[in-house]
Amino acid sequence: MILRPDNRVNLKRMNEPIPTSEEPITEIEQSYVVRELRLTDVPQVEQIARQWVRFPPETGPVIEEEVQEMIELMQESIKLQNNRHYFVSTDKAENVVGFVCLADLEPKMQQFSTTENPIELKNLYVQQGKRRGKGVGSALYNFAKDWSRAKGYTEIILNSGPRYKKTGWPFYQIIIGDPIGMLKDFYGPGNGAPVWREDL
Ligand SMILES: CC(C)(COP(=O)(O)OP(=O)(O)OC[C@H]1O[C@@H](n2cnc3c(N)ncnc32)[C@H](O)[C@@H]1OP(=O)(O)O)[C@@H](O)C(=O)NCCC(=O)NCCS
Numbered sequence: 117m118i119l120r121p122d123n124r125v126n127l128k129r130m131n132e133p134i135p136t137s138e139e140p141i142t143e144i145e146q147s148y149v150v151r152e153l154r155l156t157d158v159p160q161v162e163q164i165a166r167q168w169v170r171f172p173p174e175t176g177p178v179i180e181e182e183v184q185e186m187i188e189l190m191q192e193s194i195k196l197q198n199n200r201h202y203f204v205s206t207d208k209a210e211n212v213v214g215f216v217c218l219a220d221l222e223p224k225m226q227q228f229s230t231t232e233n234p235i236e237l238k239n240l241y242v243q244q245g246k247r248r249g250k251g252v253g254s255a256l257y258n259f260a261k262d263w264s265r266a267k268g269y270t271e272i273i274l275n276s277g278p279r280y281k282k283t284g285w286p287f288y289q290i291i292i293g294d295p296i297g298m299l300k301d302f303y304g305p306g307n308g309a310p311v312w313r314e315d316l
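Residue numbers for the sequence shown follow this note's numbering, so the first one is 117 and each next one is one higher.
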């Protein structure tokens, strides 16, 4: 059996109690932790968002409007002004290397829900240079699942737009499996998004 970073995290944590949201807990190869977003993290989170919110992916210009909206939603969530929850992965020096968001299900995602209390995963981004092989993305995903389960959510659902076809789609295919459906034209004509879900 291939021991992937996500498995390593799970094996380490198998006998540990479910975390409270205050504590840094998820160890990723003993170098990174996952914890709730703080206001002081926002500038670093913005830098990571700016690496990925681009079109064409990676090389194109930053989609400024989308980044600004993301940052505003983050700041609101810290002030408890919306129902979003953001988590960051940080290294030993407290540098942010990735982040993820959990939110209420968007209306168009509801058709894919099969249990009573779904939650949607959004904005999973890992810093360029910290991807692949360090387990940051899978640890953020596993943290989001553990947190959601502890809060009483029954399934986690996400979609991934065509911008992330080469980065997000293969990742979700490996950590979750086949998508359960497709949101046709969700990101504009011809720009569909596969949808993944997992029971919690
Ligand atoms: C998708 C993303 C969050 C994954 O984060 P990550 O830290 O690279 O993920 P992990 O290292 O935990 O990956 C676990 C395994 O998934 C697989 N994987 C991840 N990305 C992959 C890719 N692009 N192609 C093939 N396999 C991939 C690998 O098997 C990887 O392990 P390995 O590289 O050590 O063999 C990160 O690549 C990212 O930020 N991408 C850009 C933004 C994006 O696509 N976000 C999703 C938006 S919906």
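The beta carbon of each residue, even a glycine, is placed where N, CA and C say it ideally should be.
Give the straight-line distance between the Cα atoms of Leu256 and Gly304, rounded to the nearest whole angstrom. 28 Å
Have a look at Val158, Gly176, Val150 and flag the residue whose alpha-carbon is nearest the alpha-carbon of Met186. Minimum Cα-Cα distance from Met186 among the listed residues Val158, Gly176, Val150 corresponds to Val158.
Going by DSSP in three states, Tyr96 sits in which element: helix, strand or coil? Since the first residue shown for the chain is 117 and the last is 316, residue 96 is missing from the structure and cannot be characterised.
According to the Cβ coordinates, are Glu271 and Leu218 closer than 7 Å? no
I'd like to confirm something about Leu155: is its beta-carbon nearer than 6 Å to some heavy atom of ligand 1, or not? no
Is Pro172 helix, strand or coil by DSSP? coil
Residue closest to Pro173, alpha-carbon to alpha-carbon, out of Ile194, Lys282, Gly306, Val204: Lys282
Using a Cβ cut-off of 7 Å (strictly closer), state whether Gly253 contacts chain B. Annotation note: the requested chain B is absent from the structure, which comprises a single protein chain.
Of the listed residues Lys238, Phe215, Phe259, nearest to Gln244 (C-alpha basis): Phe215
Beta strand (DSSP E) segment containing Gly238, residue limits: One point to set straight first is that residue 238 is Lys, not Gly, in the sequence displayed. Unbroken beta strand (DSSP E) run through Lys238: 234-242.
Which ranges would you report for the beta strand (DSSP E) in the segment 208-237 if only whole runs of at least 3 residues count? Uninterrupted beta strand (DSSP E) stretches at least 3 residues long and entirely within the segment 208-237 occur at 212-219, given in chain order.
Cβ-based burial, Glu236 [other Cβ within 10 Å; buried from 16]: buried
Would DSSP call Leu256 helix, strand or coil? helix
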